[in-house]
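There are 4 protein chains.
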Amino acid sequence: MATTRFTPRDHDADMLYKELAEHDLQPLWELPGLLTVQPRPRAVPCVWHAGDLARLAGEAGELIPVERGGDRRVLACANPGLRGDPYIVSTLWAAVQFLKPGEVAPAHRHTPAALRFVLEGDGVWTVVDGDAIPMSAGDLILTPSWTFHEHHNSGEAAMMWLDVLDLPLVAALDAVFYQDGPSDDVRINTPESSRSETRYGAGPGLLPGRAAPEPSAASPLLAFRWAATDRALTAQLADGAAPAHIRYANPATGGDVMPTMRCEMFRYSSGFPSPRSRQTGGRVGCVLHGSGVVTIGDTEFSVAPGDILAIPSWQAMTVTAAEEIDLFITSDAPVLTALGLYREESAP
Amino acid sequence: MATTRFTPRDHDADMLYKELAEHDLQPLWELPGLLTVQPRPRAVPCVWHAGDLARLAGEAGELIPVERGGDRRVLACANPGLRGDPYIVSTLWAAVQFLKPGEVAPAHRHTPAALRFVLEGDGVWTVVDGDAIPMSAGDLILTPSWTFHEHHNSGEAAMMWLDVLDLPLVAALDAVFYQDGPSDDVRINTPESSRSETRYGAGPGLLPGRAAPEPSAASPLLAFRWAATDRALTAQLADGAAPAHIRYANPATGGDVMPTMRCEMFRYSSGFPSPRSRQTGGRVGCVLHGSGVVTIGDTEFSVAPGDILAIPSWQAMTVTAAEEIDLFITSDAPVLTALGLYREESAP
Amino acid sequence: MATTRFTPRDHDADMLYKELAEHDLQPLWELPGLLTVQPRPRAVPCVWHAGDLARLAGEAGELIPVERGGDRRVLACANPGLRGDPYIVSTLWAAVQFLKPGEVAPAHRHTPAALRFVLEGDGVWTVVDGDAIPMSAGDLILTPSWTFHEHHNSGEAAMMWLDVLDLPLVAALDAVFYQDGPSDDVRINTPESSRSETRYGAGPGLLPGRAAPEPSAASPLLAFRWAATDRALTAQLADGAAPAHIRYANPATGGDVMPTMRCEMFRYSSGFPSPRSRQTGGRVGCVLHGSGVVTIGDTEFSVAPGDILAIPSWQAMTVTAAEEIDLFITSDAPVLTALGLYREESAP
Amino acid sequence: MATTRFTPRDHDADMLYKELAEHDLQPLWELPGLLTVQPRPRAVPCVWHAGDLARLAGEAGELIPVERGGDRRVLACANPGLRGDPYIVSTLWAAVQFLKPGEVAPAHRHTPAALRFVLEGDGVWTVVDGDAIPMSAGDLILTPSWTFHEHHNSGEAAMMWLDVLDLPLVAALDAVFYQDGPSDDVRINTPESSRSETRYGAGPGLLPGRAAPEPSAASPLLAFRWAATDRALTAQLADGAAPAHIRYANPATGGDVMPTMRCEMFRYSSGFPSPRSRQTGGRVGCVLHGSGVVTIGDTEFSVAPGDILAIPSWQAMTVTAAEEIDLFITSDAPVLTALGLYREESAP
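Residue numbers (our numbering), protein chains in the order written: chain A, 2 to 349; chain B, 2 to 349; chain C, 2 to 349; chain D, 2 to 349.
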């Protein structure tokens with residue numbers, strides 16, 4: 002159906018087509034390419050290198066203030082296959098955010114959900130609905146849909162991290178709402194630990210006895226610290242996993258951390274390629290440690306810490322570490338799963 | 002954030018922007034309109050009138066054969082706000098399909114799910130994974146994701162019905178798969194009742210004792226007959242509902258009939274306007290009986306049986322029946338609900 | 002462990018045992034029979050014949066008024082294996098209730114859930130939380146946990162039906178609560194159809210569009226009519242089922258009609274025995290139509306319409322119909338399933 | 002209904018009663034006490050003191066070997082209200098188990114689920130389906146339904162811990178199955194950490210990426226260590242909780258650790274009584290640290306570390322710590338919740 006079609010190029014058909022167009026109708030038999038044998042994402046495999054990102058973010062830091070009116074100093078990875086849309090894959094926005102010492106990115110909220118994955122440094126606090134959360138390298142921080150969030154750099158150095166949002170998906174669903182936060186709520190309030198970790202972070206399988214019903218399906222634990230993730234990966238490798246593979250989960254349900262985004266961390270030992278597989282849905286990769294080659298579809302990318310990868314739907318991926326690689330992956334897999342559209346397979 | 006922005010139009014910034022573009026990066030502060038205060042769908046409220054649809058489908062029936070290579074004689078409602086995309090709202094495809102006596106639309110399957118809503122007549126059988134289902138006026142017939150389906154007109158007259166698919170959504174998720182069916186399986190096998198109704202259709206709350214695990218979350222009952230729907234609406238009106246409002250459900254779970262599409266039927270009594278409300282997500286309306294005025298956003302549409310309506314996200318709707326209206330609505334509400342993005346409210 | 006044990010019958014042990022008893026302690030090694038290789042229910046297979054039930058209920062009707070103080074004219078099947086407890090199997094109470102013309106069994110409610118299965122006749126209305134439900138032969142009527150219920154015989158003849166409650170289970174869980182209803186609410190209010198059927202009974206897969214959140218997991222549809230059940234069984238037999246087997250379900254969830262009781266209807270064609278199988282949990286059978294032999298464990302029972310059967314846990318059952326048998330079964334299967342304790346198997 | 006009844010003590014009634022008894026029928030109106038206004042558990046509030054338990058377990062250790070034939074050296078708390086049944090409340094078995102250095106309690110499995118709560122010491126390994134788990138003071142160890150389990154004391158000293166099983170519940174449901182383990186599998190295999198903790202124990206919200214579907218709803222994490230529990234309680238107290246209250250959870254679902262037993266830990270600060278409340282279902286308490294007074298119903302119990310408490314259904318409880326108390330509680334709350342029978346309230 003995708004490749005052949007019936008085209009009666011005579012006078013009567015032309016008349017019909019003209020009249021159809023006048024009535025906002027299109028004939029299916031003239032619409033090849035709607036139903037393809039397998040997914041044909043417009044986004045292409047792609048890498049953004051840490052060095053470029055750091056240099057350009059630094060230059061932006063010199064030129065562009067973070068103030069009401071700008072709100073965020075963010076550089077979005079624009080997949081070259083998406084014809085100018087500022088999205089890394091069809092359903093995800095990925096960007097680096099850069100904040101200098103003393104700067105504050107003021108509070109706002111929106112229905113698109115966001116996550117921060119910290120590549121280097123510390124000193125920044127993200128405040129989520131009033132809960133101040135310190136950010137350090139390797140940490141995953143959540144700002145679920147419609148939670149107020151702001152960023153404060155109370156440290157000595159500029160800091161940069163990866164932001165990923167489900168913005169293109171929420172936009173495609175015509176469900177974007179946005180609201181500014183109270184502009185005077187910019188005090189830096191930095192307790193030793195976030196309230197979310199006090200309540201949900203003491204250990205696996207320990208929940209508050211009287212857990213308040215959460216307003217959404219998002220994880221009530223908003224920070225996942227690198228130390229614990231590292232411990233889990235180390236234990237898995239010792240147990241024979243290849244690669245080690247952690248899924249970040251809502252501790253109150255075991256489900257994904259947010260209804261629209263799955264977060265995972267992989268550790269690839271050096272010396273041999275990982276199994277080659279593909280799955281439906283778009284993914285964003287981010288190298289935390291290590292180096293080597295990541296193959297996406299037919300393209301090979303040399304990667305180093307801080308590099309960001311676009312992995313479009315149904316593109317097979319394999320990783321070959323020169324030096325042990327820790328790779329953070331976030332994807333729209335919960336969406337595809339909820340809708341009965343998730344597929345994965347070993348790829349040739 | 003949506004309306005104001007910081008724009009340092011000096012030489013250094015221009016240099017930075019140029020370099021960003023070379024590295025496939027876009028500065029957020031130059032991207033107004035990404036985060037809007039409320040949804041701004043590109044699709045606009047719209048109506049396709051039954052008379053036009055019947056006349057043009059009939060003309061297509063004269064000119065365009067249904068054969069392998071074309072597969073379906075279908076006219077898609079192309080929302081004028083969507084700049085040429087053949088979609089009725091952002092996430093849904095709606096079209097009329099026309100099949101003449103003796104014609105067969107051959108078997109195929111695809112991951113986009115489809116439903117048929119019959120506006121008039123009978124004589125057509127839709128075969129879903131080998132189960133032959135007769136179609137008559139007012140019936141809702143499902144062909145869930147990845148089920149083989151074909152249509153046979155074994156009647157005396159041409160027949161036309163409404164097709165709705167979640168094609169734009171599945172395409173946006175890069176999850177379209179397609180497969181032709183076996184070409185020789187075109188016998189017309191027409192038992193008195195479909196197997197799906199034999200197993201699930203005897204009455205409310207009666208399930209097969211040994212229900213086989215269903216392969217997906219789609220309803221195992223594939224046909225919802227008008228007689229029962231009419232009975233339910235009549236009972237609700239007698240019970241004081243205004244309007245009467247039925248949600249078609251998977252009898253084995255109570256959930257929506259397919260993971261991506263909600264189906265509902267409303268009966269509006271004549272004489273007074275229905276409450277005005279709006280909700281996130283796109284909807285398609287189809288008038289089965291009656292006449293009156295449907296207001297979507299700021300636009301009033303006079304409607305009659307067979308008319309098809311585009312109701313974009315967050316556009317308030319109200320119905321004022323001159324003659325009692327039965328209105329079929331299908332929407333992406335299950336998607337928005339699953340992702341925590343569903344909102345609805347009374348509208349001013 | 003069940004059969005052998007260590008028993009040091011010397012002086013020191015005797016002293017220890019004495020002291021243990023004084024401290025309310027019991028030594029496990031002196032407790033054979035706690036952990037058995039397979040279930041050893043105390044209840045035994047048993048039948049109560051319709052003729053006896055009708056005669057004795059009629060005599061009770063002559064002697065015992067139904068009034069506040071007595072509330073219900075009910076004869077409970079007391080399994081002879083349960084040593085005087087008025088229960089038919091370990092977890093279920095089964096009884097016949099008898100109501101004469103003009104009599105009213107006044108309103109009360111309790112946490113044990115109840116169902117009525119009507120063996121013959123009509124004219125009685127059960128009012129459940131204000132919803133008046135007529136009862137006729139073959140109907141299943143629910144009074145879920147903690148719903149007020151009362152019975153009115155507005156007909157010309159006495160009527161008798163089967164009551165089943167999860168009373169022994171709720172008692173074993175120390176969770177029985179009871180409350181009298183308002184004594185003056187004894188008007189006979191008999192609309193043509195119950196509100197529960199108006200809202201949920203029009204057809205399979207048709208739910209109210211704005212279903213109110215139900216207070217419990219019990220079915221909002223409270224009456225399952227014989228005509229629909231009969232239709233479902235007939236369709237299954239025509240489709241090759243042997244036996245035909247329906248599970249009554251909550252139309253809003255597909256789950257069992259109440260959290261503690263599964264209800265099923267089987268139709269056995271005459272001429273050959275059904276497959277022999279067994280399952281954990283206690284069951285109550287009730288013959289609606291037909292005759293033949295039911296074998297439970299090693300015992301054969303000749304059955305006729307109106308007979309009631311006790312089928313204890315893990316006792317294999319088979320049915321051989323002389324004349325096509327319709328057999329209603331209710332069980333605690335949802336409890337065992339929820340707790341991970343349900344097992345079933347073909348039995349030798 | 003519970004207190005008054007109609008009793009026609011005349012000749013005809015006597016004849017009827019006699020005939021009913023002959024037919025295994027009991028008249029409801031002669032069965033007072035079946036439906037009580039609120040739960041009336043037979044079990045009574047009770048305490049077993051640590052000193053007695055240790056002394057008597059030690060004596061049993063001198064007299065009773067642990068060998069095939071005895072399997073377990075266990076002293077069961079027999080609630081004096083339960084008339085000789087060896088159960089602590091209606092639905093739960095609680096006991097102390099005592100194992101001397103070098104002893105092995107051999108492998109078996111049963112459908113009743115069990116948990117161990119360690120009061121003092123270490124050196125014992127429990128092997129669950131081949132996974133060796135070390136036990137130390139304050140740890141909670143699970144042996145879910147139908148998992149093989151054995152205990153090895155490889156330490157220098159005898160060790161004693163609390164066992165709780167849902168045995169009375171599973172027995173009441175006629176669902177007890179039992180099987181001996183392979184007798185030669187008594188090697189002591191003691192890796193540094195259990196496989197269950199390697200996979201699920203690294204931190205909150207970190208799950209194996211490819212979690213194998215678990216055979217039951219029981220937690221795949223089988224050991225909950227005191228260090229993490231203590232940390233969680235400390236954080237809650239600092240956050241203002243009174244008392245601190247943790248629910249042990251299945252990290253893969255957030256549900257209770259086993260389908261039939263909830264486990265909780267409370268920390269009561271000294272100086273003021275806790276809120277008084279009651280709930281349906283039976284509970285077992287065990288004091289890990291601290292001292293004070295526990296009031297259950299109308300009875301006050303002075304408690305010290307190692308004491309075991311019986312808290313019957315619907316008995317109000319309050320705790321007044323002289324010295325900060327850590328109180329472990331296990332209950333049948335998941336059962337009552339699953340069946341719609343759970344109630345709790347502040348008590349007068």
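Beta carbons: idealized from backbone N, C-alpha and C, even for Gly.
Keep in mind it's a predicted model, so treat the numbers as computed, not measured.
Query, Result
"Residue 302 of chain A at chain B interface by Cβ criterion, 7 Å", "no"
"Same chain, Cβ closer than 6 Å to residue 179 of chain A, five either side skipped, listed in chain order", "111"
"6 Å Cβ shell around residue 126 of chain C - same chain, five flanking residues per side excluded", "133, 135, 153 and 191"
"Backbone CA spacing between residue 290 of chain B and residue 332 of chain C [nearest angstrom]", "46 Å"
"Partner residues on chain C for residue 204 of chain B, Cβ-Cβ distance less than 9 Å", "202, 204, 205, 225, 226, 228, 229, 230, 232 and 233"
"Inter-residue Cα distance where the pair is residue 288 of chain C and residue 230 of chain C", "15 Å"
"Backbone CA spacing between residue 200 of chain C and residue 249 of chain B [nearest angstrom]", "13 Å"
"Residue 328 of chain D at chain C interface by Cβ criterion, 7 Å", "no"
"Coil, strand or helix - residue 28 of chain B by DSSP", "strand"
"Residue-level contact to chain A via CB, residue 345 of chain D, 7 Å cutoff", "no"
"Proximity test, Cβ basis, 7 Å: residue 316 of chain D and chain C", "no"
"Same chain only: Cβ atoms within 6 Å of residue 314 of chain B, ignoring 5 sequence neighbours per side", "40, 42, 281, 282 and 283"
"Chain D within 7 Å of residue 93 of chain C, Cβ atoms only", "no"
"Against chain A: residues of the segment 122 to 137 of chain D by CB proximity under 8 Å", "none"
"Burial state of residue 335 of chain A, where buried means 16 or more other Cβ atoms lie within 10 Å", "buried"
"Residues sharing a beta bridge with residue 259 of chain A, DSSP", "A/262"
"Cα-Cα separation, residue 324 of chain C to residue 305 of chain C", "10 Å"
"Proximal residues to residue 44 of chain B (C-beta, below 7 Å), its chain only, five neighbours per side dropped", "80, 82, 83, 90, 91, 283, 311 and 313"
"Stretch pair the segment 143 to 150 of chain D + the segment 112 to 126 of chain D: three plus CB contacts closer than 8 Å", "yes"
"Chain A within 7 Å of residue 37 of chain D, Cβ atoms only", "no"
"Outcome for residue 56 of chain B when other beta-carbon atoms lying within 10 angstroms are tallied against a minimum of 16", "exposed"
"Residue 291 of chain A - DSSP class collapsed to helix/strand/coil", "strand"
"C-beta neighbour in chain C for residue 246 of chain B, strict 7 Å", "yes"
"The beta strand (DSSP E) enclosing residue 53 of chain D, as first and last residue numbers", "Looking at the DSSP string, residue 53 of chain D is not in any beta strand (DSSP E); the run it does join, the alpha helix (DSSP H), is 51 to 64."
"Residue nearest to residue 85 of chain B in terms of C-alpha spacing, selected from A/77, A/23, A/237 and A/108", "A/23"
"Residue environment, residue 204 of chain B, which counts as buried when at least 16 other CB atoms sit within 10 Å", "buried"
"Short-range partners of chain D found in the segment 264 to 277 of chain A, where Cβ spacing is below 7 Å", "265"
"Residue 77 of chain D beta carbon less than 7 Å from that of residue 120 of chain C", "no"
"Within 7 Å, strictly: CB atoms of residue 274 of chain B and residue 321 of chain B", "yes"
"The segment 154 to 167 of chain C touching the segment 152 to 169 of chain D, judged by at least three CB pairs closer than 8 Å", "no"
"Nearest-angstrom Cα separation, counted from residue 223 of chain B out to residue 269 of chain C", "28 Å"
"Where residue 317 of chain D sits in the DSSP three-state scheme", "coil"
"Contact set for residue 303 of chain B: own chain, Cβ-Cβ below 7 Å, skip 5 residues either direction", "294"
"Cα-Cα separation, residue 130 of chain D to residue 198 of chain D", "14 Å"
"Proximity of residue 98 of chain A and residue 128 of chain A at Cβ, strictly below 7 Å", "no"
"For residue 240 of chain D, the nearest candidate out of A/209, A/235 and A/255 (CA to CA)", "A/209"
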